[in-house]
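In our numbering, the protein residues as written are 13 to 321.
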């Protein structure tokens, strides 16, 4: 029997159905024993440290007594004040140095580079001591005794603020250079001046790069301000030192200082998070969840898993 090319051979049609298994497939999760072992080891180390501090020669009642002592609170307030003012000074100097560094004038660019090189390359403690002893170089300033001009507050501000300006200069320069040059050229083509281009086009985009390290720098400034006790500025560390010099409760008062530094850094870390979240609106489709949103999500997942059980 012959068939033509257009004929279709007779026979049963192929079935498109698939054979289903008699029993549903049961997914068995892979057991990660290493995670449990590492978690137990970490918890054991933490428990050992807690027990060591709990049974050590530390009178925790003294720590609780001085947490809200008037001297300690005054020192914490001075720490907050000196860190905020120094950061503002550093930010202003950083912007100026960044603009000078990016200038086409070779003298301005070299002066900015020299400023950054010197103050980033020497320790903050050394700079504070140099400002505190400036009378050995300049006996008088503005017609007055230098020791009257360079007070502990002024020495702390100059030492911390000028040093911070060198770091902020590089942060600001990196942020400005992160914006594509084509956007500047396009804004100029639309008739915008250089100032308008900087305010409306460059800075809003550069802030996404500038804000995160600036927040980190301020938190670091809060801790670095503890070095101001070397120039007798009455910040938190000097107040703590004065107290434990009298009662010899060294460790107890150091934990008091740790408590207040943690409080201050935590508050500003939360502020930094929301500031970064604000400037991320133009670059990220899904903004990072806030702490409250994370807590709600975790509670919802726990309820869901509990209901499933």
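C-beta atoms are modelled at their ideal positions from N, C-alpha and C, and glycine is treated no differently.
Can you tell me whether DSSP reads residue i as helix, strand or coil?
i	result
residue 153	strand
residue 68	coil
residue 89	helix
residue 102	helix
residue 287	helix
residue 232	helix
residue 40	coil
residue 135	coil
residue 314	For residue 314, the predicted structure reports a pLDDT of 49, less than 50, and the residue's modelled location is therefore unreliable. A value from the coordinates is still provided. Helix.
residue 112	helix
residue 245	coil
residue 167	helix
residue 128	helix
residue 260	coil
residue 276	helix
residue 79	coil
For the ligand FAD, any of its heavy atoms closer than 7 Å to the Cβ of residue i?
i	result
residue 116	In the structure shown, the ligand FAD is absent, as is every other ligand, since no ligand is present at all.
Judging by CA-CA distance, which residue of the options is the nearest neighbour of residue i?
i	options	result
residue 280	290, 92, 80	92
residue 72	265, 151, 272	265
residue 172	99, 283, 113, 150	99
residue 83	229, 269, 67, 202	269
residue 70	260, 198, 38	260
residue 101	122, 257, 132, 178	178
residue 181	44, 123, 111	111
residue 165	131, 96, 271	96
residue 143	128, 132, 159, 238	159
residue 121	131, 132, 109	109
residue 217	290, 233, 42	290
residue 184	51, 124, 66	124
residue 139	167, 119, 114	167
(message) Can you confirm whether the segment 86 to 97 touches the segment 249 to 264 when touching is taken to mean that 3 or more C-beta pairs between the two stretches lie within less than 8 Å?
(response) yes
(request) Answer yes if the segment 188 to 196 comes into contact with the segment 235 to 246, meaning at least three C-beta pairs across the two stretches below 8 Å, and no otherwise. (result) no
(message) Under 8 Å: do the segment 164 to 182 and the segment 102 to 121 share three or more Cβ pairs, one atom per stretch?
(response) yes
(request) Could you tell me whether the segment 221 to 237 touches the segment 53 to 72, where touching means 3 or more Cβ pairs closer than 8 Å? (result) no
(request) Write down every uninterrupted run of the beta strand (DSSP E) in the segment 172 to 226 whose length is 3 residues or greater and which is fully enclosed by it, in chain order. (result) none
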